[in-house]
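Colleague: Heads up, the sequence shown stops at 453 in this note's numbering, and the numbers go up one at a time, no gaps.
Structure incoming, see below.
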Amino acid sequence: MGDGERPRVVIVGAGFGGLTCARRLDGAPVDVLLIDRHNYHLFTPLLYQVATALLNPSDVAYPLRTVFRRSRNVRFRQAEVVGVDRERRRVRTATGEEIPYDRLVLATGSVDNYFGNEEVAREAIGLKTLEQAVRLRNHVLACLEQASVEADREERRRLLTFVVVGGGPTGVEYAGALSELLRLVAGRDYPDLARGEARVLLVEGRPHLLPGFAPRLGRYAERALGRRGVEVRTGVQVASADPGSVRLADGTVVASRTIVWSAGVRPDDPLGHDAPRRRSRRLEVDQDLRLAGAAAIFAIGDAAGAVPSGPELPMLSPPAMQAARHVARTIRDEVSGRRRDRVFRYVDKGTMATVGRGAAVAELQGLHIAGFVAWLAWIFVHVYYLIGFRNRILALGSWGLNYVRFDRPIRIILQAQPDPVAERVAGRSR
Ligand SMILES: Cc1cc2nc3c(=O)[nH]c(=O)nc-3n(C[C@H](O)[C@H](O)[C@H](O)COP(=O)(O)OP(=O)(O)OC[C@H]3O[C@@H](n4cnc5c(N)ncnc54)[C@H](O)[C@@H]3O)c2cc1C
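Next comes the structure, spelled out in structure tokens:
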């Protein structure tokens, strides 16, 4: 039990699932400790805008201590959880600390999945974390700097060819935004680079883009990207990569210094090999989202969310948030002695993706929308869900300015030096 004999709830991961759960337990008769390796909540849907110099990192991230500074029962700790002792009910952090729990909620999300292709994993830049988004921004701008003074034609071409792998929403959004950035700066910031010289290639293994959407919307995205100068290759996978080229499975070799990976993620959790899992490696949970065979542990979001009888839930933010609300309700009921046998049911409210300025696709309750109206809906939904008043205003302001002035203002190459104390707190060194 926690202070004053109140049950102690430990939530690992402060993404969409973990943060929602902690907020729903704010004010409940439990002591909550929210743990994350970062000290901020990350709004992943806008990460590609950080990577393409439209938004600042701070516009899409929100400090977790600020969220709970008025809370009486929710505390935050920055730490990396590396193990769970299910028998003694303790989580272990990278610094060796053991933290006891009465209920544990695992909401640790997912990491990039390279499907065992180590060459590609070594060469590619992912788009999953804020660090990766800033690295990608630095990398693309540095390629332009180097290309603008490069005398060797082959090398210049390599520097100006950008390969994006994965034609799901992230790949489509990034490719569209990157191509807009390149068109904006070529010939202006970089007078030595001609407008058509930079090339963006989007590679998707399945027959059409946006596989999770209706085929009509995938075709719309392909046309809209084509109008923005993006070359789309569908039905072919990336086979290998080295520092100067990418080879596709059909034998095509693309000379490039950049490969951006958005072709898949896999679940990530600190439970180890003996935890019950689905074939997808996501944690297996019962219909109440408890880990199979462990009544005190819940697992939600990308890390789990797969109930034994039904299909796996999509790895998206709405299932993570809905599961979090369900778990918070269950914990509240349990600690106040109320009994209930409620089965978790996911309500699919739809999905959307942008392709570029004024162009998006949306699938809402069976309705398929493409174009400007879908883009306005996309803006509305993302501003609504973005955390923090300041972030909403700044994102809206940046989009408005970009719309009227074609501006991508954050064109700075900024490489932070690792700080030993910050590295230790984040669990990256002991
Ligand atoms: C670029 C991108 C764009 C996306 N766009 C959309 C979109 O438009 N719409 C949509 O619905 N979904 C989108 N998604 C998917 C969505 O982000 C995920 O499905 C959602 O974040 C899952 O929520 P979660 O709580 O399971 O995990 P996350 O939100 O990923 O949170 C996991 C948290 O756990 C922390 N963590 C992990 N392991 C540990 C550990 N061992 N110790 C401590 N902390 C740990 C991480 O730091 C992270 O904060 C996008 C994803 C990406 C990468």
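Backbone N, C-alpha and C define an ideal beta-carbon position, used for all residues, glycine too.
#1: Using the Cβ count rule (16 or more neighbours within 10 Å means buried), how would you classify Thr131?
#2: What are the boundary residues of the beta strand (DSSP E) that Thr374 is part of?
#3: Per DSSP, what kind of secondary structure is Glu173 in: helix, strand or coil?
#4: In this structure, how does DSSP classify Tyr407 when only helix, strand and coil are distinguished?
#5: Express the C-alpha separation of Gln72 and Trp422 in angstroms, rounding to a whole number.
#6: Where does Pro68 sit, in a helix, a strand or coil, going by DSSP?
#7: Roughly how many whole angstroms lie between the Cα atoms of Glu446 and Ser452?
#8: Cα separation between Asp459 and Gly149?
#9: Span of the beta strand (DSSP E) holding Ile58?
#10: Tell me where the alpha helix (DSSP H) around Gly189 begins and ends.
#11: Cutting at 6 Å between CB atoms, please list the residues of its own chain near Gly252, excluding the five before and the five after it.
#12: Suppose you measure from the CA of Leu417 to the CA of Arg109; what does that come to, to the nearest Å?
#13: Would you check whether ligand 1 has a heavy atom nearer than 7 Å to the C-beta of Glu141?
#14: If you pair each beta-carbon of the segment 317-324 with each one of the segment 32-50, do three or more pairs fall below 8 Å?
#15: Exposed or buried, which one is His296 when buried takes at least 16 other CB atoms within 10 Å?
#16: What whole-angstrom Cβ distance do Ala383 and Thr377 have, given they're in contact under 8 Å?
#17: For Glu142, collect the residues of the same chain with a Cβ closer than 6 Å to its Cβ; drop the 5 residues on either side in sequence, then sort them by chain order.
#18: Beta carbon of Ala147: closer than 7 Å to some heavy atom of ligand 1?
#19: To the nearest angstrom, how far is the alpha carbon of Ala317 from that of Arg112?
#20: Leaving out the 5 sequence neighbours to the left and right, which residues in its chain are closer than 8 Å to Gln310 when beta-carbon positions are compared?
#21: With three or more C-beta pairs closer than 8 Å as the rule, is the segment 265-274 touching the segment 284-291?
#22: From Trp398 to Glu120, what distance separates their C-alpha atoms?
#23: Using DSSP's beta-bridge definition, name the partner residues of Ala278.
#24: Hey, could you find the ends of the beta strand (DSSP E) Gly106 is sitting in?
#25: Is it true that the CB of Ala76 sits closer than 8 Å to the CB of Arg431?
#26: Tell me whether the beta-carbon of Val226 lies closer than 8 Å to the beta-carbon of Val172.
#27: Label Leu240 either buried or exposed according to how many other C-beta atoms from any shown protein chain fall within 10 Å of its C-beta, with 16 as the threshold for buried.
#28: Please report the straight-line C-alpha distance between Pro123 and Leu129, rounded to a whole angstrom.
Modeller: Let me lay it out:
#1: buried
#2: Thr374 to Gly379
#3: coil
#4: helix
#5: 10 Å
#6: helix
#7: 6 Å
#8: Nothing about residue 459 can be reported from this structure: the residues present for the chain run from 24 to 453 only.
#9: Asp54 to Asp59
#10: Premise fails: Gly189 is in no alpha helix (DSSP H) and is neither H nor E.
#11: Ser202
#12: 43 Å
#13: no
#14: yes
#15: exposed
#16: 4 Å
#17: Ser263 and Ala264
#18: no
#19: 10 Å
#20: Val330, Pro331, Ser332, Val366 and Phe367
#21: no
#22: 47 Å
#23: Ser268
#24: Val104 to Asp108
#25: yes
#26: no
#27: buried
#28: 14 Å
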